[in-house]
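First the structure, in the form of structure tokens, and then the observations on it.
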Amino acid sequence: MKPKVAFFDFTCCEGCQLDTLNIEGQDLVDLVSAVDIVEFREVLTGRADRYDIAFVEGSISRESEIPRLKEIRERADIVIELGACAHIGGVNCLKNHLAMDEALEIVYGDDAGDYDTIPARPIHAVIPVDYCVPGCPINTAELLRIVKELLLGKTPELPNYPVCVECKMAGNVCVFELGRSCLGPVTRAGCNAICVTAGRHCWGCRGLVDDPNIDSQKDVLEKYGLTVDQVVEKFKIYNTYTEVAR
Amino acid sequence: MREHSVLVVDDEPIVRESIRDWLTEAGYQVATAETGEEALELVATRDFSVLVVDLRLPGSAGIKVLEAVKSERPWIRTIVITAYPSAETAQEARRLGAVDYVIKPFAPDSLERLIDDTLASIPPEATVIAEAKAPTPAPPVVEAIGVKASFVVDRDDLRRLFDGLAASMRMIGVVERQEHYVFDRVKRFDDVCLDYDVTVHPPTRCLFPTREAMLRLKLGEPPAAEPTVDAAPQVLFGVHPYDITAIELLDEVFMTKHPDPNYISRRQNTVIVGVDCLRPSPNAFAPSMGTDRTDSGFDLLLTDIGGRFMVRVGSQRGASLLEEYAEARVPSDEEIGIQKALLDAARAEYRVSLNVARERLPKLLEDHYDDEYWQERSATCFSCGSCIMVCPTCFCFDVVDEVSLDLKTGERIRQWDGCMLTDFAKVAGGENFRHDKASRFRHRIFRKGKYVLERYGIVGCVGCGRCTTACLADIASPAEAFNAIAEKAKIKTARRLIGEITPDFGLYAPKWAKLLRVEDLAANEKAFEFAFEDGAALVHTPGQFVEISVLGVGEAPISISSSPTRGATFQLAVRNVGNVTRALHDLVEGATVGIRGPFGNGFPIEALEWKDLLLIAGGIGLFPLRSLIEYAIDRRDAFGRLIILYGARSPEERVFQAELAAWKQDAGIEFHETVDRGNDTWGGHVGVITTLIPEIEISPARTMSVVVGPPIMYRFVIGELKKKGLADEQIILSLERRMKCGVGKCGHCQINGVYVCEEGPVFTLAELRNLREAV
Numbered sequence: 050m051k052p053k054v055a056f057f058d059f060t061c062c063e064g065c066q067l068d069t070l071n072i073e074g075q076d077l078v079d080l081v082s083a084v085d086i087v088e089f090r091e092v093l094t095g096r097a098d099r100y101d102i103a104f105v106e107g108s109i110s111r112e113s114e115i116p117r118l119k120e121i122r123e124r125a126d127i128v129i130e131l132g133a134c135a136h137i138g139g140v141n142c143l144k145n146h147l148a149m150d151e152a153l154e155i156v157y158g159d160d161a162g163d164y165d166t167i168p169a170r171p172i173h174a175v176i177p178v179d180y181c182v183p184g185c186p187i188n189t190a191e192l193l194r195i196v197k198e199l200l201l202g203k204t205p206e207l208p209n210y211p212v213c214v215e216c217k218m219a220g221n222v223c224v225f226e227l228g229r230s231c232l233g234p235v236t237r238a239g240c241n242a243i244c245v246t247a248g249r250h251c252w253g254c255r256g257l258v259d260d261p262n263i264d265s266q267k268d269v270l271e272k273y274g275l276t277v278d279q280v281v282e283k284f285k286i287y288n289t290y291t292e293v294a295r
Numbered sequence: 024m025r026e027h028s029v030l031v032v033d034d035e036p037i038v039r040e041s042i043r044d045w046l047t048e049a050g051y052q053v054a055t056a057e058t059g060e061e062a063l064e065l066v067a068t069r070d071f072s073v074l075v076v077d078l079r080l081p082g083s084a085g086i087k088v089l090e091a092v093k094s095e096r097p098w099i100r101t102i103v104i105t106a107y108p109s110a111e112t113a114q115e116a117r118r119l120g121a122v123d124y125v126i127k128p129f130a131p132d133s134l135e136r137l138i139d140d141t142l143a144s145i146p147p148e149a150t151v152i153a154e155a156k157a158p159t160p161a162p163p164v165v166e167a168i169g170v171k172a173s174f175v176v177d178r179d180d181l182r183r184l185f186d187g188l189a190a191s192m193r194m195i196g197v198v199e200r201q202e203h204y205v206f207d208r209v210k211r212f213d214d215v216c217l218d219y220d221v222t223v224h225p226p227t228r229c230l231f232p233t234r235e236a237m238l239r240l241k242l243g244e245p246p247a248a249e250p251t252v253d254a255a256p257q258v259l260f261g262v263h264p265y266d267i268t269a270i271e272l273l274d275e276v277f278m279t280k281h282p283d284p285n286y287i288s289r290r291q292n293t294v295i296v297g298v299d300c301l302r303p304s305p306n307a308f309a310p311s312m313g314t315d316r317t318d319s320g321f322d323l324l325l326t327d328i329g330g331r332f333m334v335r336v337g338s339q340r341g342a343s344l345l346e347e348y349a350e351a352r353v354p355s356d357e358e359i360g361i362q363k364a365l366l367d368a369a370r371a372e373y374r375v376s377l378n379v380a381r382e383r384l385p386k387l388l389e390d391h392y393d394d395e396y397w398q399e400r401s402a403t404c405f406s407c408g409s410c411i412m413v414c415p416t417c418f419c420f421d422v423v424d425e426v427s428l429d430l431k432t433g434e435r436i437r438q439w440d441g442c443m444l445t446d447f448a449k450v451a452g453g454e455n456f457r458h459d460k461a462s463r464f465r466h467r468i469f470r471k472g473k474y475v476l477e478r479y480g481i482v483g484c485v486g487c488g489r490c491t492t493a494c495l496a497d498i499a500s501p502a503e504a505f506n507a508i509a510e511k512a513k514i515k516t517a518r519r520l521i522g523e524i525t526p527d528f529g530l531y532a533p534k535w536a537k538l539l540r541v542e543d544l545a546a547n548e549k550a551f552e553f554a555f556e557d558g559a560a561l562v563h564t565p566g567q568f569v570e571i572s573v574l575g576v577g578e579a580p581i582s583i584s585s586s587p588t589r590g591a592t593f594q595l596a597v598r599n600v601g602n603v604t605r606a607l608h609d610l611v612e613g614a615t616v617g618i619r620g621p622f623g624n625g626f627p628i629e630a631l632e633w634k635d636l637l638l639i640a641g642g643i644g645l646f647p648l649r650s651l652i653e654y655a656i657d658r659r660d661a662f663g664r665l666i667i668l669y670g671a672r673s674p675e676e677r678v679f680q681a682e683l684a685a686w687k688q689d690a691g692i693e694f695h696e697t698v699d700r701g702n703d704t705w706g707g708h709v710g711v712i713t714t715l716i717p718e719i720e721i722s723p724a725r726t727m728s729v730v731v732g733p734p735i736m737y738r739f740v741i742g743e744l745k746k747k748g749l750a751d752e753q754i755i756l757s758l759e760r761r762m763k764c765g766v767g768k769c770g771h772c773q774i775n776g777v778y779v780c781e782e783g784p785v786f787t788l789a790e791l792r793n794l795r796e797a798v
């Protein structure tokens, strides 16, 4: 009996689901033969009553999303957060720095009264979740690994060390050495340092490691000629929710 | 004739001349000086291996000579002699780098031995005298190239050598990237950089990749696991001597005891062309670690002497390559002089150095194990692993299974891991044996300055300075830590013929065993009985463990619960706490699992024989101890009294209940048990296990106690046993650690410098007293 898998989305760009659909070649063939995909709005119209695994993309930013999310939780054995918005709130939480009516006004102008909004939050702030696939967007290899481990009966675990480990394994020159700043030292690995390898820096989209040394990070950035404000700005992009919760 | 030179400075002619005559007789080149000025003049114009200096001299006192030598020629080993010893001058001499302080009068042969020992701790050829002579015409091209000889080639010779090697092998050289240097694939000789300072990452990753498959797996029944190695022929072109020393350390780790198939295959297919570092990195301190020069570990070693290259031949393969591709000629005296001057100038350019002789590091670190330094300095650590990921002497790894989506095939992968990462020493049950930053920070520095040297005989830090550069918190420099702590052991260097080591391709490959029987022990515990498919016995000692594989899920260390006296099958009792143990619990009779081992030392049977045994098990500590209990029952005549104490948390959590009942009935066994919390049906003793011990009468002189249980239990049980009069040597414990590879390589199970999978898991309390991370 193949496990029933469903995909859902809330406030997000749906990029993580798109990346899931971009899984190529034999991997995609193997994936659809290993599991039964019963709901996936981007590609399917069907519905199901029960799910073995429900992947949820996006964060929660409206009251009306909450009952729908709770219903998914009730119908699913395993709920997995898919991507940064679901996992840590992501870029949606940038609006949490504003008053909600101010945010509505900026986005919708005169029509602001037609919409409701609440401070954005990750999925686990609303319902209990079992696992997560971090990242903006997700690393599909990691998604596949987690699926395979669930099929084998293993407990999926994320690396509990910072991006620096994978960045060094990739053979990169440290971003700080190049005179720029980077959130790699406090961000959870699992992306193979893809942004640094591509010539940029780490944005922190996978969230913080279990025991991040934030104070030291601020000291380091200052040492490299950056202010705490600049660090906080960098942090806010993905980690507003986490930073506020601390 | 010895190649080393000694300068003797003493104003007493009789002392000066007697030392000179004795050492000359012993084969040293000896120069003498009467005053400090004379000595300084000589040191400024000539190089010496060893300086023997009297502290009381006319003119510049001996201390001034020491000061000048330390700042200008720090590589010269100095020995202070004096007829007026004092604590102040001894301390001062030590501060100025003197390796020893000898009080007059002394026998000349003892000074000779001291000089021999001092020189044995530095690489040969480090301080050979080479006085520049008048230019002589270039000698002719040589016919035969010999190992351990030096030649001169020009740049075109080198180009031919490069092109010749690159035509048939993967060529890896140093190239510039983002204003830094890295080892990378390189096609054209002109792209190779030979005058770099240091690379961002070490070349050791070409021999021990960040990630590699060790086994190809076939899941299901029957399972299969084939060793796999990618060892395409490669050339490492332009490796600095400190990195060559690091490769020699990896050779020691992977090529001795348990020959690692992946490393050895790759190493045997690697040509190493070294190059002397003439432009040291600002964070490097290689001379302090004795690694800025080397005379082994390479096939060829180049020194750029300006348009031409001096080439040292390090192996027969190097000799053949030079013969094939280059028109090598014998170096002139002038060229030898130029090389010497360049190497000395480079050595003087290092900006970081140790304030203590590296031989003293192990002792010094040991004495400062509990220092506040570790806590203070590690406060800003990110636990980001950058220091260990750029380190050429780091070699610890993790092992994981990766499977295909159809769950039919997979690979067992090893990837870099290390002691600075938070979860490195964490076991499946959740206990983390190095959970705080300070203990991880200290462990790394102890590995670099003590554990590695003591275990492998090669320095654990080569002074490349990469970690200093990589550390964002600026805390990683071993030189800084060594200087802050500041210590003695002789550095021996192992030399071997790489081609003569036979890799053990079965090292990581399991043998297949069938699951014959499963017995439920408690809610979360089961016992499994296995037999090897080929009918062979496990051949183990009670207290040893095996690595058990469920392909695709992974491998885990499990202690053996049955005695070798019980036939060809063996039993493993397992609590369901992690992925592998959960998969084991799901297995049904007839399933096939992979077994490696037995590993570890086991209980010391010879020390236990003819003694009264007091065996104490807490909780699932009974699993390993049962192997010894069965053994003692089966060889009952070989032991005195057999006293067994067993404690469980509750009556429901008692394991092997039928056997507990049988032991209670057995007239030859004194069995006592207790539970922490009773229930309505429990009529026995209630209380923690320590409450049983005062009731037992023993004769301390002929009793040996073996204790197995959770870490928390040990402290209290040991206290009670000490009250009974048992010495530390009579108390034996078995420890749990994360034994990932089982063969002393991966590093996870270390307690200080000890590898629990090889030296343990069984230790006497006396042994553990010296291991501070143990209990």
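Protein chains in written order, with this note's numbering: chain B, 50 to 295; chain Z, 24 to 798. Where a beta carbon is used, it is the ideal one built from N, C-alpha and C, also for glycine.
*Since Z/V576 contacts Z/V603 with CB under 8 Å, what's their CB separation in whole angstroms?*
6 Å
*Beta-carbon proximity list for Z/A461, same chain, < 6 Å, skipping 5 on both sides*: W397, Q398, S401
*Below 9 Å between beta carbons is the criterion; list the residues of the stretch 389–413 of chain Z that meet it against any residue of chain B, in chain order.*
A402, T403, C404, F405, S406, C407, G408, S409, I411, M412, V413
*Where does Z/A2 fall in DSSP's three states?*
The question about residue 2 of chain Z has no answer, for chain Z in this structure spans 24 to 798.
*Return the bridge partner residues of Z/H203 from the DSSP annotation.*
Z/R200
*Under 9 Å between beta-carbons, which chain B residues line up against Z/N547? List them in chain order, please.*
Near Z/N547 there are no residues of chain B at all, since even the closest Cβ is about 15 Å away, more than 9 Å.
_Beta carbon proximity, B/N188 to chain Z, threshold 8 Å_ = no
*asked:* Between B/G220 and chain Z, is the shortest Cβ-Cβ distance under 8 Å, so that the two count as touching?
replied: yes
*Run the CB neighbour count on B/S110, radius 10 Å, all protein chains shown included, and call it buried at 16 or more, exposed below.*
buried
*Report yes or no: is there a C-beta of chain Z within less than 8 Å of the C-beta of B/K53?*
no
*Among Z/A369, Z/I104, Z/G748, nearest to Z/S304 - alpha-carbon criterion*: Z/A369
*Beta-carbon spacing of Z/R799, Z/F212 below 8 Å*: Outside the displayed span of chain Z (24 to 798) sits residue 799 of chain Z, for which this structure offers no information.
*Using a C-beta to C-beta distance shorter than 7 Å, which residues of chain B count as neighbours of Z/R465?*
The premise fails here: Z/R465 is roughly 17 Å from chain B at the closest Cβ pair, so nothing lies under 7 Å.
*asked:* On the CB-based measure, 16 or more other CB atoms within 10 Å of its CB, does Z/I104 come out buried or exposed?
replied: buried
*Can you tell me which of the three DSSP states Z/W397 falls into?*
helix
*At what residues does the alpha helix (DSSP H) containing B/Q66 begin and finish?*
64–70
*Quick one: which residues of the stretch 202–219 of chain B get their C-beta closer than 7 Å to a C-beta of chain Z? List them in chain order.*
G202, K203, T204, N209, Y210, P211, C213, V214, K217, M218
*Kindly identify the DSSP beta-bridge partner or partners of Z/S288.*
According to DSSP, Z/S288 bridges with nothing at all.
_Boundaries (first-last residue) of the beta strand (DSSP E) holding Z/W439_ = 432–439
*Could you spell out the range, first to last residue, of the beta strand (DSSP E) harbouring Z/K241?*
234–241
*By Cβ distance below 8 Å, which residues in the same chain neighbour Z/N702 in space, the five residues on each side in sequence not counted?*
S673, P674, E675
*Report all residues from its chain with a CB closer than 7 Å to the CB of Z/Q291; omit the five preceding and five following residues, and keep chain order.*
I521, G522
*asked:* So, under 8 Å CB-CB, Z/L607 and Z/F551 are touching, yes? Tell me the CB distance rounded to an integer number of Å.
replied: 7 Å
_Tell me which residue opens and which closes the alpha helix (DSSP H) that Z/H608 is part of._
602–608
_Against chain B, does Z/W439 count as a neighbour if the rule is that its beta carbon must be under 8 Å from one of theirs?_
yes
*asked:* When you compare the CB of B/L227 with every CB in chain Z, is at least one pair closer than 8 Å?
replied: yes
*Could you tell me whether the Cβ of Z/T159 comes closer than 8 Å to any Cβ of chain B?*
With a pLDDT of only 41 at Z/T159, under 50, the local geometry of the prediction cannot be trusted, and the value read off the model is given with reservation. Taking Cβ atoms only, chain B never reaches closer than 8 Å to Z/T159, which makes this a no.
*Just the C-alpha distance for Z/A380 and Z/V73, rounded to the nearest angstrom, thanks.*
14 Å
*Pull up the CB-CB distance for Z/C490 and Z/C410, whole angstroms please, since I reckon it's below 8 Å.*
4 Å
*Would you mind reading off the limits of the beta strand (DSSP E) that contains B/Q75?*
No beta strand (DSSP E) contains B/Q75, which is instead part of the alpha helix (DSSP H) from 74–83.
_For Z/D132 and Z/L217, I'd like the C-alpha separation in whole angstroms._
45 Å
*Tell whether a beta-carbon distance below 8 Å holds between Z/L651 and Z/G617.*
no
*Is B/K51 helix, strand or coil when you go by DSSP?*
coil
*asked:* Would Z/F528 and Z/P284 qualify as a contact pair, given that the criterion is a beta-carbon distance under 8 Å?
replied: yes
_Cβ neighbour criterion (16 or more within 10 Å) applied to Z/W633_ = exposed
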